[in-house]
Amino acid sequence: MHDIIRFIHEKAVKELIHLGDTRIGGSDAASRRLKFNIPLGLVVIDIGGGVRVRTASAKDISPEDITSVPMKAFLEGLTAPGMWSTAPMSVDFGSFMSSLTRTYSDSTTHFSGRNLAVLSAEYLDLNLRLGYHFNIIDAYIAEKQNDNYAYFRFLGGVTDVTRRSRRARFIGEVLERFNFRVEIRGDLVVGRIKKLDPAAMYEKEKMLGCLVAYTRQLDVQMHSDENIADHITDFFKGAYNHDIGSENNSITSG
Amino acid sequence: MTSDQKTTVLLLDDEPIVCKRLKPSLEKAGYDVEVFTKSREAMHRLTEKEFDIAITDLKMDGMDGMAFLTEVKKRHPATEVIVITGFATMETAKESYQKGVFDFVAKPFKLGEILEVVKKAEAKHRSS
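Following this line, the structure appears as structure tokens:
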């Protein structure tokens, strides 16, 4: 059953991503690329009030065009100072070999660099593949407090399972400090929160943006359990520190 | 501080129920606890005594937890401060860490969660 659902999801995402490429005379829901200084390769599909369309034929949009509340919050966090590192990250030989033996389906490889956000004024469904890991965010933020929720899912990484699990524990620790209900299994993290007022939900979503940015290459740096606490401090200080757990690096990787 | 001395804890929260529930749990765990529901009174006590650990709510009437954290670290840099809050934001977290907070715990919390953080703060205080 899980495989069937996953297959359907993959096919649906593929169809949505190519919506703008394959439909002639597209509507407001047509896919557009989000262009900004972080290379997400993100395709945005507006299903109602999530994007301010300057011209119907425009294929690219900027963050300023986003009117979706959860997406605005996410981008605010993603671009917060000290979160998204642009420095090259190096990995040790073991992690390099680990990445070589990791397999992905053909369809996943095909979508490399094409991520998807389906959004409306109050809603966001975000599928992000960044390198060797996946982020999924599903969120709704509106005035009616009881309808509000955020779901966050994180899986994968380039390194061995021990370091990927340390990153997962780091993510869990951060989420718990923001009142998320957290489940961790190996390198899989699921966080859920619901029924908060719009302002509080906005802050949670912004934190998720920070988390996605900060954790992008973090598994490489998780050489010991102590690194988890060190990175929690640096994350909240808004200061990505490349020196934490930087020993044993020899092969440069993205 | 010798190892047989009890670790001293100052607890500040303007919700009396939090103090009422947390104090006996901390005492049962072996801590010497003083509780305050008014930040002004807690501040006055700081002029008389240096605590090993301070636990403070963030959102309070009068002096808020952030200002209290600032004052504690200014007067007694060795005191480990734990912030408890139901309104965590990246901005308040950043400010807390820049001011030297040991950690923060989201409200509502389980007693076991806060005791675990207090235990870590105690270990850090004793090792410093």
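Note that the protein sequences, when read in sequence, are chains Z and W. Read in the working numbering, the first sequence has 562 at position 106, and its numbers run on one by one without any break. Read in the working numbering, the second sequence has 892 at position 122, and its numbers run on one by one without any break. C-beta atoms are modelled at their ideal positions from N, C-alpha and C, and glycine is treated no differently.
Residue-chain proximity (residue i, chain W), Cβ-Cβ < 9 Å
i, result
"Z/Asn591", "no"
"Z/Gly533", "yes"
"Z/Lys662", "yes"
"Z/Ser568", "Legend: pLDDT at Z/Ser568 = 45, less than 50; position of this residue unreliable, no value from coordinates given."
"Z/Thr689", "yes"
"Z/Glu682", "no"
"Z/Glu639", "no"
"Z/Ala595", "no"
"Z/Val634", "Checking the displayed sequence, the identity of residue 634 of chain Z turns out to be Phe instead of Val. So, interface residue."
"Z/Ala536", "yes"
"Z/Ala656", "yes"
"Z/Val469", "no"
"Z/Glu599", "no"
"Z/Glu659", "yes"
"Z/Asn705", "Model confidence at Z/Asn705 stands at a pLDDT of 40, short of 50, so the residue's coordinates are unreliable; what they give is reported in the following sentence. Judged by the 9 Å Cβ criterion, Z/Asn705 is not in contact with chain W."
Bounding residues of the beta strand (DSSP E) (the contiguous stretch that carries residue i)
i, result
"Z/Arg648", "Leu644 to Lys650"
"W/Ala824", "Ile823 to Asp827"
"W/Tyr867", "No beta strand (DSSP E) contains W/Tyr867, which is instead part of the alpha helix (DSSP H) from Met860 to Gln868."
"Z/Gly533", "Segment Val525 to Leu534 is the alpha helix (DSSP H) holding Z/Gly533; no beta strand (DSSP E) there."
"Z/Ala573", "Asn571 to Ser576"
"Z/Leu674", "Taken as a continuous stretch (DSSP letters only), Z/Leu674 belongs to no beta strand (DSSP E), as it is neither H nor E."
"Z/Val507", "Counting along the chain, Z/Val507 falls outside any beta strand (DSSP E), and DSSP gives it neither H nor E."
"Z/Glu639", "Arg637 to Arg641"
"Z/Asn602", "Premise fails: Z/Asn602 is in no beta strand (DSSP E) and is neither H nor E."
"W/Thr777", "Unbroken run through W/Thr777: none, as it is neither H nor E."
"W/Asp783", "That residue, W/Asp783, is in no beta strand (DSSP E); it is neither H nor E in DSSP."
"Z/Tyr579", "Tyr579 to Leu586"
"Z/Glu520", "Per DSSP, Z/Glu520 belongs to no beta strand (DSSP E) and is neither H nor E."
Residue i - containing alpha helix (DSSP H), residue span
i, result
"W/His814", "Ser809 to Glu818"
"W/Thr840", "Gly835 to Arg845"
"Z/Ser680", "Z/Ser680 -> no alpha helix (DSSP H), and no H or E assigned at all."
"Z/Gly612", "Segment Tyr605 to Gly612 is the beta strand (DSSP E) holding Z/Gly612; no alpha helix (DSSP H) there."
"Z/Tyr658", "Pro654 to Tyr670"
"W/Arg896", "Leu881 to Ser897"
"Z/Phe626", "Val617 to Arg633"
"Z/Ile494", "Element bounds for Z/Ile494: n/a, residue is neither H nor E."
"W/Glu850", "It is not in any alpha helix (DSSP H) - W/Glu850 instead sits in the beta strand (DSSP E) that spans Glu850 to Thr855."
"W/Glu797", "Pro786 to Lys798"
CB contact below 9 Å: residue i versus chain Z
i, result
"W/Lys843", "no"
"W/Ala858", "yes"
"W/Phe874", "yes"
"W/Tyr867", "yes"
"W/Lys829", "no"
"W/Lys877", "yes"
Cut-off 8 Å between Cβ atoms - residues of its own chain near residue i, not counting five sequence neighbours on either side
i, result
"Z/Glu599", "Pro654"
"Z/Lys491", "Asp516, Ile517 and Ser518"
"Z/Thr559", "Residue confidence is low: Z/Thr559 scores 48 on pLDDT, short of 50, so the model does not pin down where it sits. Its coordinate-derived value is still stated next. Nothing meets the Cβ criterion."
"Z/Ile684", "Arg622, Arg625, Phe626, Glu629 and Met678"
"Z/Gly642", "Val617, Arg620, Ser621 and Ala624"
"Z/Glu632", "Val638"
6 Å Cβ shell around residue i - same chain, five flanking residues per side excluded
i, result
"Z/Phe636", "Gly647 and Ile649"
"Z/Asn591", "Leu584, Phe610 and Val668"
"Z/Lys470", "none"
"W/Leu885", "Ala799"
"W/Gly870", "Lys843"
"Z/Ser576", "Ile503, Gly504, Gly505 and Gly506"
"Z/Asp581", "Val574 and Asp594"
Residues of its chain near residue i, where Cβ-Cβ distance is below 7 Å and the 5 sequence neighbours each way are ignored
i, result
"W/Ala858", "Phe874 and Ala876"
"W/Asp831", "Asp784"
"Z/Gly628", "Val638, Ile640 and Val645"
"W/Gln868", "none"
"Z/Glu532", "Lys662 and Gly665"
Partners in chain C for residue i, counting only beta-carbon separations shorter than 7 Å
i, result
"W/Lys864", "Reference to chain C is not applicable here, since the protein chains of this structure are Z and W."
The ligand HEM heavy atom lying under 8 Å from the CB of residue i
i, result
"W/His814", "As presented, the structure is devoid of all ligands, the ligand HEM included, so that no description of it is given."
Query raised in the report: Per the contact definition of three or more C-beta pairs closer than 8 Å, is the stretch 648 to 659 of chain Z in contact with the stretch 503 to 521 of chain Z?
Result: As far as the Cβ criterion goes, the stretch 503 to 521 of chain Z does not touch the stretch 648 to 659 of chain Z, which means the pair count is below three.
Query - Contact between the stretch 774 to 781 of chain W and the stretch 689 to 697 of chain Z (3+ Cβ pairs under 8 Å) - result: Contact fails between the stretch 774 to 781 of chain W and the stretch 689 to 697 of chain Z, because fewer than three Cβ pairs, one in each stretch, are under 8 Å apart.
Query raised in the report: Given 8 Å as the limit, is there contact between the stretch 833 to 849 of chain W and the stretch 673 to 680 of chain Z, that is, 3 or more CB pairs closer than that?
Result: No, the stretch 833 to 849 of chain W is not in contact with the stretch 673 to 680 of chain Z.
Requested in this report: Say whether the stretch 849 to 865 of chain W touches the stretch 823 to 830 of chain W, bearing in mind that this needs 3 or more beta-carbon pairs closer than 8 Å, one atom from each stretch.
Outcome: Three or more pairs of CB atoms, one per stretch, sit closer than 8 Å, so the stretch 849 to 865 of chain W contacts the stretch 823 to 830 of chain W.
Query - Any 3 or more C-beta pairs closer than 8 Å across the stretch 567 to 585 of chain Z and the stretch 483 to 503 of chain Z - result: A contact exists between the stretch 567 to 585 of chain Z and the stretch 483 to 503 of chain Z.
Requested in this report: Check whether the stretch 600 to 607 of chain Z touches the stretch 617 to 628 of chain Z, taking contact to mean three or more Cβ pairs, one atom from each stretch, closer than 8 Å.
Outcome: Contact between the stretch 600 to 607 of chain Z and the stretch 617 to 628 of chain Z is absent: fewer than three C-beta pairs spanning the two stretches fall below 8 Å.
Query raised in the report: Taking contact to mean at least 3 C-beta pairs separated by less than 8 Å, is the stretch 524 to 537 of chain Z in contact with the stretch 654 to 665 of chain Z?
Result: Judged by Cβ distances under 8 Å, the stretch 524 to 537 of chain Z makes contact with the stretch 654 to 665 of chain Z, as three or more pairs qualify.
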